Every structure is written in structure tokens, then in C-alpha cells.
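Chains R and V, in that order, give the protein sequences. Going by my numbering, the letters in the first sequence line up with residues 105 to 516, in that order. Going by my numbering, the letters in the second sequence line up with residues 105 to 516, in that order. From the three backbone atoms N, C-alpha and C, an ideal C-beta is built for every residue, glycine too. Remember, predicted model here, so these are calculated numbers, not experimental data. What follows is a set of notes on a single structure, which appears directly below.
Protein chains: 2
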Amino acid sequence: MTELAELADQLDAADPLAHVRDRFLLPEGVIYLDGNSLGPLPAAVPPVLEDVVHRQWGTDLIRSWNDNDWWESPLRVGDAVGALIGAAPGQVVAGDSTSVQLFTALSAACDLRPDRSLLVTDPEHFPTDRYLADSVARLHGREVRRVAPADLPDFLASHGDRVAAISYSPVDFRTGELHDMAALTSAAHEVGALAVWDLCHAAGAMPVHLDDLGVDFAVGCGYKFLSGGPGAPAFLYAAARHHDSWRTPLHGWTGHAEPFGLAADYVPAPGIARARIGTPPILSLLALEAALSAFDGVDLAQVRAKSLSLTGFFLRCAEDLLAPEGFEPITPTNPDIRASQVSLRHPHAYGLIQALATQGVIADMRAPDVLRFGVNALYTSHQDVLAATTHLHRTITTSDYDPTPNRPGAVT
Amino acid sequence: MTELAELADQLDAADPLAHVRDRFLLPEGVIYLDGNSLGPLPAAVPPVLEDVVHRQWGTDLIRSWNDNDWWESPLRVGDAVGALIGAAPGQVVAGDSTSVQLFTALSAACDLRPDRSLLVTDPEHFPTDRYLADSVARLHGREVRRVAPADLPDFLASHGDRVAAISYSPVDFRTGELHDMAALTSAAHEVGALAVWDLCHAAGAMPVHLDDLGVDFAVGCGYKFLSGGPGAPAFLYAAARHHDSWRTPLHGWTGHAEPFGLAADYVPAPGIARARIGTPPILSLLALEAALSAFDGVDLAQVRAKSLSLTGFFLRCAEDLLAPEGFEPITPTNPDIRASQVSLRHPHAYGLIQALATQGVIADMRAPDVLRFGVNALYTSHQDVLAATTHLHRTITTSDYDPTPNRPGAVT
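What follows is the structure, given as C-alpha cells:
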């Protein structure tokens with residue numbers, strides 16, 4: 105047994121979360137390192153969906169809005185997500201897509217800072233975040249400035265009094281670098297700006313402390329580390345201190361103070377409920393709720409510790425096996441600023457990811473040349489990491505892949 | 105056998121759509137007249153969802169975006185809906201909620217008519233339509249005028265050159281009265297305004313001719329007459345002639361011309377695809393797609409004919425059994441202006457609907473005093489109608505219900 109294999113065995117044997125892997129229905133013969141794009145199927149989901157479809161929809165029909173509490177599900181699931189991101193109950197709603205929730209968050213931030221002309225976001229932010237910032241800025245008559253996180257303190261020092269809000273992610277989705285949520289949130293608040301965070305690559309992957317950090321708004325998706333299913337509903341956090349004054353741009357009937365009153369004019373519901381928009385997609389929403397039960401009794405500090413062990417071990421394997429073959433790790437070795445993925449740069453990223461898939465190792469790539477491997481402490485083992493890097497080493501050394509030019513990859 | 109029972113038998117015996125009822129899993133002992141709020145479970149849905157969950161998500165995982173064509177599903181399902189509303193392929197996208205789609209449609213209409221200050225909508229429109237019009241008007245710097253359909257021609261004659269768009273539904277969701285889509289669309293176009301239609305209560309219930317009428321934008325939900333499941337994704341129609349010039353307010357990454365290119369700036373996809381926003385809720389979306397197969401081989405002219413037969417028979421039963429007991433039908437007797445529901449006014453609507461439910465007759469109410477009975481030609485029989493009205497007659501004559509003051513009812 106090689107040294108790496110021994111190490112993997114030791115680390116897996118000491119893993120306090122090893123039993124959680126049974127909460128996922130992972131296919132035989134597959135090493136799944138793309139849960140940061142689409143989480144795998146939690147075992148709790150199929151029986152819940154069976155019940156939702158046959159009993160709740162099929163038998164109870166319309167009565168399920170009350171009898172099976174469909175009506176409250178966006179708030180109930182919101183609170184369940186909130187428990188994973190440091191949000192006390194009553195501040196998170198689940199529903200719609202991350203894009204729609206971002207639109208709401210950024211629009212609300214503009215309304216809360218009517219006299220400030222700038223929205224500031226990350227030039228390396230995930231595309232939808234950049235596009236939505238542009239869209240909100242147009243409709244609210246603001247300007248977008250794209251400022252790298254490292255440059256943000258300087259920018260705020262000179263332009264801070266004009267900034268309505270900053271919009272960042274704690275995780276660079278390409279490199280897996282962590283940005284300092286606490287420092288950037290404080291920097292925004294010091295100049296009177298609001299802080300909006302996109303938690304797509306953080307929620308469920310590490311502890312997040314929204315209330316403690318005083319974050320104003322946050323959004324995220326349900327289908328990455330929360331494993332809520334393809335296109336699972338997103339979520340929106342709005343800090344309670346804004347609940348008396350914030351304004352949402354999408355005045356749907358379910359966010360009305362009296363949704364069944366059929367009133368002529370919109371009167372927002374109190375609290376987070378005003379961020380409800382239209383009728384929520386119940387099948388997808390209750391699948392997400394079932395998926396979240398995979399976190400029952402799981403300590404996010406343990407999740408973080410294991411995630412760092414997995415990515416640290418991945419970087420070790422990469423150093424031994426892959427760096428000599430031309431792979432350049434671009435994920436920080438410093439665990440303080442490393443999220444739950446490892447990214448490697450290689451000019452044949454596309455062909456290599458395709459070749460790995462034929463061997464049952466599922467990862468993804470991001471244009472133009474990044475191979476991306478996501479680990480999830482709830483089900484990834486160190487042996488998985490060793491197997492993936494070993495397959496990649498064999499693929500590159502045997503040239504058993506298609507060295508076509510890189511092409512855009514799969515869904516984020 | 106009574107005369108009404110004989111008539112019901114005759115009408116059901118001659119029903120060319122009787123066999124379609126088997127495409128729905130209707131619970132035993134229930135007469136379901138609330139499909140205009142939530143359609144029942146189509147038999148095609150459970151096996152498809154089983155496949156989507158276990159094979160597509162559970163086994164194929166992230167690869168399903170390509171291998172099981174999840175990526176194209178919003179457009180594919182959009183085209184399937186389009187076939188039911190008179191839209192040639194490439195003009196309808198499925199996803200999000202009706203509220204979000206309305207926001208997109210009304211915002212796009214404002215952008216296409218930048219110099220016109222008014223959005224005109226129906227004072228009796230469904231609440232979300234009114235609230236979204238207000239919301240879009242605020243963000244685009246326009247004013248909303250609420251004008252009843254009957255008054256619209258006069259209003260347009262005097263203010264038409266200031267109107268950017270009109271936003272109406274062909275069906276009054278309370279009374280079931282049909283408004284004249286052709287006439288109102290033409291009236292809007294004559295003054296250079298755009299026509300936006302909400303088809304929630306029309307799609308799947310009757311033929312709709314969006315292309316032929318020259319409608320500009322239309323939206324609708326998937327969970328009423330399309331029976332796509334609770335909160336099923338909505339749809340948006342944008343006429344092809346606007347595809348070179350329209351602008352959507354929610355610039356999500358899936359609507360980008362190169363969604364995997366991770367470009368810094370938003371470049372809209374050609375055609376209807378730019379109305380895609382975020383990652384769609386695949387479970388709910390593919391359930392809707394399966395549900396639409398209930399329309400396979402079904403002629404919407406037959407659907408309309410049977411729907412009118414059902415509502416006509418309902419009004420006949422109401423006249424004989426219910427009018428003498430104080431129920432006032434508010435649905436038009438003229439079939440030309442009658443949609444696929446019958447509404448009765450009674451001061452004890454709430455208690456009566458509750459009492460009916462205990463007898464297995466599911467209908468709903470709308471504040472303050474409307475009992476609403478939706479029929480769906482795909483599964484409702486004339487015997488269902490007779491049984492429902494007979495139950496209601498028995499309930500009122502035996503006073504076997506709670507005559508509490510009316511309260512807001514269930515979900516639309």
C-alpha cells in the first residue's frame with residue numbers, strides 16, 4: 105500500500121462524519137466530485153416525494169395547502185436553511201432561483217439607500233451576480249462598479265459614501281478561494297453601505313454566521329452543498345432589522361399581508377414573508393426540505409474540518425501525482441482561505457474531465473482551463489479523493505483523452 | 105331517475121373525451137371541481153418523476169443537464185404549452201412563477217414603449233397582476249390606470265397615445281366571464297400599445313390563439329387546467345416579432361447567449377431563450393411536462409365544447425336546485441362569454457364550501473361570498489356536476505353547515 109493510500113485509510117477511519125454517507129444514494133462505481141454543481145440524491149428524498157405526489161397532491165389535492173402545510177413551506181424551509189447559515193428563524197425564505205432572489209436583494213438594498221449611486225460587485229463574481237447587478241442598477245438608476253475583494257477597502261475609503269451596497273460571494277467559484285465575509289461586511293458598514301452575500305458555494309459547506317456578522321441580505325441556491333435536487337429552490341435572507349423598512353421589487357400575491365383577501369392594493373406581509381412572490385414549486389421545494397434532513401445532528405464545524413482535510417489531502421495528492429504532469433493547483437494551500445473544492449489548471453481541462461467521466465469520476469470544468477473538484481464532507485471520503493487523483497494521473501500519463509481545445513463546460 | 109340525472113347520463117354517454125378521464129388519478133369518493141385552482145394528479149406524472157429522481161438525478165447526476173436534456177427543458181416544455189395556446193414553436197419558455205413572468209412581460213413592454221407613460225390593467229384582475237403592474241410601473245417610471253374591460257375602448261380613444269401596454273386576463277377569475285381577447289388586443293394595437301394577457305384560467309381550458317390574434321406577451325401558470333402539480337412552473341410567451349428588440353429585466357445566466365462562456369457582460373440569447381432566468385426547478389418542470397401528455401390527441405375545440413356543456417348543465421342544475429335556495433349564479437349564461445367555471449354567490453359561501461368538502465365535493469370560494477366550481481373537460485363528467493349541485497342542495501336545505509361569517513378561502 106502506498107503512503108497516500110495508507111493516509112487516506114487513516115483519515116477515513118477517524119472521520120466522525122463517515123456514517124452520514126449512508127444518507128445519500130450514491131451510484132455504484134461512481135466517484136462524485138461535482139456536488140458543488142449538483143448535489144447527489146439524499147436517501148430521504150424519494151419517500152417524501154412519493155408521499156407528496158400520491159397522498160398530498162393526488163389524494164388531498166387543494167386541501168394540502170392547509171392540511172399538509174404547503175402554504176408555510178417557503179418559510180419553514182427557509183428557517184431550515186437559516187439554521188445552516190447562522191440566521192435566527194424568521195429571516196430566510198425559500199423559493200424561486202438565486203437570480204430572482206439576487207434581484208430582490210439588490211433592489212431592496214437600492215431602496216434602502218436611495219441617495220447612493222453605486223452598486224459594487226466582484227469582477228470575478230459568478231456571471232448571474234454580475235448580470236443581475238447591472239439589471240438592478242439600470243432599473244434603479246444606479247451604476248455598477250466591479251472591484252476585486254482585495255481592492256474593496258481602498259475603493260470604499262475613497263468612494264464609500266456613494267456606495268449603496270456591495271455584492272460578493274465568500275467563495276471564488278473558479279479557484280475555491282475564500283474571501284473574508286467579516287472584514288468585507290464591516291468595511292461596507294463603516295461607510296454606511298449594505299452587504300449582500302451570495303452563499304451558493306458556502307451554504308452547507310462550512311459554518312456561515314449571517315446574524316453575527318451583521319450581514320444585510322444573502323442569497324444562495326438549494327442544489328449544491330444542500331443537495332436539494334436539480335434547480336432546487338433558492339433562498340433569501342433579509343436581516344430582521346430591515347423588516348420594517350425594506351421593499352421588494354416583485355410584489356407577488358403570496359407576499360401580501362392578507363394573501364387571500366384579494367385586496368386591490370399591495371400591502372406587504374410583515375417580516376421575511378413579503379419576499380414570497382408567486383406560488384412556489386412544491387415538488388421541488390419539499391424535495392429540498394427532505395434533503396436538508398441529511399444535516400440532522402451534523403455539526404458544521406465538523407463539516408468544515410473534514411472538508412479542509414479532504415481538500416488538503418487532495419492538494420497533497422496533486423502535489424505528488426499531478427504537478428509533475430503539468431497541473432497547476434490554483435486553490436489556496438492556506439486552509440483559512442480555502443473553500444470546499446480544489447481547482448487545477450491544465451490546457452486540456454475539457455478532454456481530461458470527459459475522460460475522467462468515462463472512468464466514473466465526475467468533476468467539472470470552468471472555461472477556459474480549470475478542472476474543478478468539489479468535495480462534500482457529508483459523503484466524500486479521502487479514498488474518493490485518492491481514486492480521483494490516481495485516475496487523473498493515469499489518464500494524463502497514458503494520454504488516454506481527447507486533447508481538443510477547451511470548450512465551455514457543464515452547468516455551475 | 106330524475107330528468108337531470110337522465111340528461112347527465114345522456115351527455116356523458118355522448119362525450120368524445122370520456123376516455124381521457126383515465127389519464128388522471130382521481131381519488132375514490134371525491135368529486136373534484138377545483139382543478140381551476142390545482143389540477144389533479146395525471147397518471148403520467150408518477151412514473152416520470154420516479155425516473156427523474158432515481159435515474160436522472162440519482163444515477164446520471166450532473167450529466168443529466170446534457171444526457172437527459174434538462175438544459176433544453178424550459179424551451180421544450182414551453183413549446184408544449186405553446187401548442188395549447190396557439191403559439192408556434194420558439195415563443196414560449198416555461199419556468200418561474202406567473203408573478204415573475206408577469207414582471208418580465210410588463211417590464212419588456214415598458215422597454216418597447218419607452219415614451220408612453222401608462223400601464224393599463226383591470227381593476228378586477230387577479231391581485232398578483234395588479235401588484236406586479238404597480239411594481240413594474242414604479243421601477244420604469246410609469247403610472248398604472250385600472251380600467252374595466254368594458255371601458256377600455258373609450259379609455260384608449262382618449263388616452264391611447266400614452267398607453268405602453270394593456271394587461272388583462274381573458275377570464276374573470278371570480279365570475280368566470282370571458283373577455284374578448286381579439287377585440288381588446290386590436291384596440292390596444294390601434295393606438296400603438298402592446299397587449300399582455302394572463303392565461304392562468306384559459307390555458308388548457310379552451311382554444312387560445314396568441315399568434316393569430318397578434319398578442320405581444322402572455323403568461324400563465326402550469327397548475328390549473330394544465331394539471332402540472334402544486335406551484336408548477338409558469339410560462340411566458342413573447343411574440344417572435346419582438347425577439348430582436350425586447351429586453352428582459354431579470355438577466356439570469358441561463359438567458360445568456362453563451363451561458364457557459366462565463367462572460368463578464370450580459371449578452372441576451374436570441375429568441376425566447378433570453379427569458380430564461382436562473383436554474384429551473386427540474387422536478388417540478390418535468391412533472392409539468394409529463395402532465396401535458398394528458399392533452400395528447402385531444403382537440404381543444406372538443407375541450408371547449410365539453411366545458412360549455414358542463415358549465416351549461418351546471419347552470420341548469422343551479423336554476424332547478426339552487427336558485428330557489430338563495431344562490432345567485434354570477435357566471436354568464438351566454439356560452440360565448442363563459443369560461444370553464446361556474447360561480448354562485450351566497451352569504452354563507454365559506455361554510456357551504458367547508459360542508460361540501462366533508463362530503464367529498466371539492467370546490468373553493470373567493471372572498472367575500474363566491475362559491476367557485478371549476479370544470480375540466482379532460483376529467484369532469486356531467487354526473488359529477490349533478491352530484492355536486494345535489495350535495496349543495498341537500499346541505500342548504502338541511503342547514504347542515506356552519507353559517508359563520510365568510511372568510512378568505514383557499515389558494516387561487
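Taking 6 Å as the limit between beta carbons, can you name the residues of its chain near Ser239 (chain R), skipping five residues before and five after?
none
Verify the CB distance criterion: does Pro234 (chain V) have a CB-CB separation below 9 Å to chain R?
The sequence shown places Arg at residue 234 (chain V), not Pro. Closer than 9 Å to some Cβ of chain R, the Cβ of Arg234 (chain V) qualifies, so yes.
Have a look at the DSSP bridge pairing and note the partners of Leu340 (chain R).
Looking at the DSSP output, Leu340 (chain R) sits in a beta bridge with R:Val197, R:Val323.
With three or more C-beta pairs closer than 8 Å as the rule, is the region 288 to 297 of chain V touching the region 443 to 462 of chain V?
no
What are the residues of the region 445 to 479 of chain V that lie near chain R, defined by any Cβ-Cβ distance shorter than 8 Å?
Ala461, Ile466, Asp468, Arg470, Ala471
Beta carbon of Val204 (chain V), beta carbon of Val300 (chain R): below 9 Å?
no
Kindly identify the DSSP beta-bridge partner or partners of Gln114 (chain R).
Gln114 (chain R) pairs with nothing; no bridge assigned.
Buried versus exposed call for Arg159 (chain R) [16 or more other C-beta atoms within 10 Å across all chains shown]
Exposed: under 16 other Cβ atoms inside 10 Å.
Interface partners of Leu426 (chain V) on chain R, CB under 7 Å:
Within 7 Å Cβ-Cβ: nothing; Leu426 (chain V) doesn't reach chain R, min ~22 Å.
Have a look at Gly199 (chain R) and Ala377 (chain R) and give me their C-alpha separation to the nearest angstrom.
Gly199 (chain R) and Ala377 (chain R): Cα-Cα distance of roughly 11 Å.
With 8 Å as the limit, tell me which residues of the region 217 to 249 of chain R have their beta carbon closer than that to any beta carbon of chain V; keep them in chain order.
Pro227, Phe230, Pro231, Thr232, Arg234, Tyr235, Leu236, Asp238, Ser239, Leu243, His244
Using beta-carbon positions only, say whether Thr494 (chain V) and Leu404 (chain V) come within less than 9 Å of one another.
no
Is there a C-beta anywhere in chain R that falls below 9 Å from the one on Arg167 (chain V)?
Yes, its Cβ sits closer than 9 Å to a Cβ of chain R.
Residues in the same chain with beta-carbon distance under 6 Å from Ala481 (chain V), minus the five sequence neighbours each way, listed in chain order, please.
Leu121, Val407, Lys410, Ser411
Contact belief for Phe339 (chain V) with Val185 (chain V) at Cβ below 8 Å, rounded distance in angstroms
5 Å
At 9 Å on the CB atoms, spell out the chain R contacts of Tyr483 (chain V), in chain order.
Per Cβ cutoff of 9 Å: no residues; Tyr483 (chain V) is ~12 Å from chain R at best.
Which residue comes first and which comes last in the beta strand (DSSP E) that contains Glu247 (chain V)?
247 to 250
Enumerated in chain order, which unbroken segments of the alpha helix (DSSP H) with a length of 4 residues or greater are wholly contained in the region 123 to 200 of chain R?
149 to 155, 168 to 171, 177 to 186
Relative to the ligand GDP, is the shortest distance from any of its heavy atoms to the C-beta of Ala212 (chain V) smaller than 8 Å?
Absence of the ligand GDP is noted for the structure shown, with no ligands found whatsoever.
Quick test of the definition: if touching needs 3 or more C-beta pairs under 8 Å, does the region 213 to 223 of chain R touch the region 246 to 257 of chain R?
yes
What are the complete alpha helix (DSSP H) segments, minimum 4 residues, inside the region 271 to 314 of chain V?
Runs of the alpha helix (DSSP H) inside the region 271 to 314 of chain V: 285 to 294.
Own chain residues within Cβ distance below 8 Å of Ala212 (chain R), not counting five before or after
Phe321, Ala342, His346, Trp350, Arg351, Thr352, Pro353
7 Å Cβ shell around Leu455 (chain V) - same chain, five flanking residues per side excluded:
What sits at residue 455 (chain V) in the sequence shown is Gly, not Leu. For Gly455 (chain V), where only same-chain residues beyond five positions count, the Cβ hits under 7 Å are Tyr505, Asp506, Pro507, Thr508.
Helix, strand or coil for Leu121 (chain V), going by three-state DSSP, please let me know.
coil
Alpha carbons only, please: which of V:Ala367, V:Val197, V:Phe364, V:Ser447 is nearest the one belonging to Gly324 (chain V)?
Comparing Cα-Cα distances from Gly324 (chain V) to each of V:Ala367, V:Val197, V:Phe364, V:Ser447, the minimum goes to V:Val197.
Beta-carbon proximity list for Leu314 (chain V), same chain, < 7 Å, skipping 5 on both sides
Ile189, Gly190, Ala191, Ala322, Tyr341
Would you call the region 231 to 238 of chain V and the region 412 to 422 of chain V touching, i.e. three or more CB-CB distances under 8 Å?
No, the region 231 to 238 of chain V is not in contact with the region 412 to 422 of chain V.
Who are the near neighbours of Leu108 (chain R) in its chain, counting only those whose CB is closer than 7 Å to its CB and skipping five residues on each side?
Cys421, Asp424, Leu490
Touching or not, the region 383 to 391 of chain R and the region 164 to 181 of chain R, by the rule of three or more beta carbon pairs under 8 Å?
Yes, the region 383 to 391 of chain R is in contact with the region 164 to 181 of chain R.
Helix, strand or coil: how does DSSP classify Asp238 (chain R) here?
helix
Candidates V:Val312, V:Pro311, V:His263: closest to Ala297 (chain V) by CA position:
V:His263
Pair every Cβ in the region 442 to 457 of chain V with every Cβ in the region 302 to 313 of chain V, then say whether three or more of these pairs are closer than 8 Å.
yes
Going along the chain, which residues of the region 313 to 327 of chain R sit with their C-beta nearer than 8 Å to a C-beta in chain V?
Against chain V - using a Cβ distance shorter than 8 Å - the residues of the region 313 to 327 of chain R are Cys325, Tyr327.
Using the beta-carbon of each residue, which ones in chain V are nearer than 7 Å to Phe133 (chain R)?
Note on identity: in this sequence residue 133 (chain R) is Gly, with Phe being the wrong assignment. Within chain V, no C-beta atom comes less than 7 Å from the C-beta of Gly133 (chain R); the nearest is roughly 10 Å away.
Consider the Cβ of Asp369 (chain V): report whether some Cβ of chain R lies at a distance smaller than 9 Å.
Interface residue, yes.
Rounded to whole angstroms, what is the Cα-Cα separation between Glu393 (chain V) and Val124 (chain V)?
So the alpha carbons of these two residues sit roughly 17 Å apart.
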